[in-house]
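Here the sequence shown is numbered in this note's numbering, starting from 38 and rising by one per residue.
Notes follow the structure.
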Amino acid sequence: MRQLNGVYTQVSNRRHGRAGHLFQGRYKAILVDGDSYFLALNRYVVLNPVRAGMVAQPNDWPWSSYPAMIGKVNSPKWLCTDSLLAQFSTEREKALHRYARFVGAGIGEESIWEGLNRQIYLGNEEFIKRVQSSHAGLSKTVGVPKTQKRPPAPSLEKLAARYANRDEGIVAAYATGEYSHQQIAEFYALHFTTVAKIVRRRRTTE
38 MRQLNGVYTQ VSNRRHGRAG HLFQGRYKAI LVDGDSYFLA LNRYVVLNPV RAGMVAQPND
98 WPWSSYPAMI GKVNSPKWLC TDSLLAQFST EREKALHRYA RFVGAGIGEE SIWEGLNRQI
158 YLGNEEFIKR VQSSHAGLSK TVGVPKTQKR PPAPSLEKLA ARYANRDEGI VAAYATGEYS
218 HQQIAEFYAL HFTTVAKIVR RRRTTE
């Protein structure tokens, strides 16, 4: 990441006569269950310009791989489309149309990140257990400075008891990094979008 954020940014800025940061925000890695979220992640990426209100349709974004994926333009040599299209059909024309319908159906849908678990996993509990068991023999704090090591988060029950105000308890639970919007919502008998709004509202007032 240092190479990408540093050297690549410098080269890009020199080439295009620009200055400053190339990427917005801090780097964050999410461990994704490819079996369940491969297609959803692809759709999420190509719909980002639509979601941001920059274009009306994914095909309108000039820097997207989507036009090549649906056969509107020739694919560059470095873009591999076969593995993704094969998820829709072994016949290319059918695959192109089905992929386009799949992406179009995602416009206006809720973000896949609402399913984020413990802020680092995108997958179900079975996937998380499988990942954790495969790393059970490794130290969880190898190479982590003492100042960054922290004990396990309190349970949702303890956090709820600690905060008389429901919203404060919700914000505190999410801030631990251990609980997703969905997990907190189930505990408080709320919809996960309500939890997301509470957390977002607190961030904007801080």
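No residue lacks a Cβ here, since even glycine has one placed at the ideal position from N, Cα and C.
Subject >> Helix, strand or coil at residue 42 according to DSSP, with G and I counted as helix >> reply: Helix at residue 42.
Subject >> Nearest candidate by alpha-carbon position, reference residue 247, set 163, 63 and 159 >> reply: Here the chain covers residues 38 to 243 and nothing more, so residue 247 does not appear.
Original post:
Is the beta carbon of residue 116 sitting closer than 8 Å to the one on residue 132?
Top reply: Not in contact: residue 116 and residue 132 (Cβ atoms no closer than 8 Å).
Original post:
How would you call residue 62, buried or exposed, if buried means at least 16 neighbouring beta carbons within 10 angstroms?
Top reply: Exposed, because fewer than 16 other Cβ atoms sit within 10 Å of the Cβ of residue 62.
**OP:** Apply the 10 Å Cβ neighbour rule to residue 244 and answer buried if 16 or more other Cβ atoms are within range, or exposed otherwise.
**Re:** Since the first and last residues shown for the chain are 38 and 243, residue 244 lies out of range.
Original post:
residue 210 and residue 196: beta carbons closer than 8 Å?
Top reply: Yes, the Cβ-Cβ distance between residue 210 and residue 196 is below 8 Å.
**OP:** Report the three-state DSSP secondary structure of residue 121 (helix, strand or coil).
**Re:** Helix.
**OP:** For residue 112, collect the residues of the same chain with a Cβ closer than 7 Å to its Cβ; drop the 5 residues on either side in sequence, then sort them by chain order.
**Re:** Contacts found: 105 and 118.
Original post:
Going along the chain, which residues of its own chain have a beta-carbon closer than 8 Å to the beta-carbon of residue 96, five neighbours each way excluded?
Top reply: Excluding residues within five positions, the ones whose Cβ falls inside 8 Å are 103, 104, 107 and 109.
Subject >> Anticipated Cβ contact below 8 Å, residue 153 with residue 217, distance rounded >> reply: Between residue 217 and residue 153 the Cβ distance is about 5 Å, and since that is below 8 Å, they are a contact.
Original post:
Does DSSP put residue 202 in a helix, a strand or coil?
Top reply: Residue state, collapsed to three classes: coil.
Original post:
How big is the Cα-Cα spacing for residue 98 and residue 204?
Top reply: If you take the alpha carbons of residue 98 and residue 204, they lie about 39 Å apart.
Original post:
When DSSP builds the beta bridges, which residues end up paired with residue 153?
Top reply: DSSP, once it has assigned bridges, lists 159 as partnering residue 153.
**OP:** Could you check what DSSP says for residue 193 in three-state terms: helix, strand or coil?
**Re:** For residue 193, the three-state secondary structure derived from DSSP is helix.
Subject >> Cα-Cα separation, residue 78 to residue 219 >> reply: Taking the straight line joining both Cα atoms gives about 19 Å.
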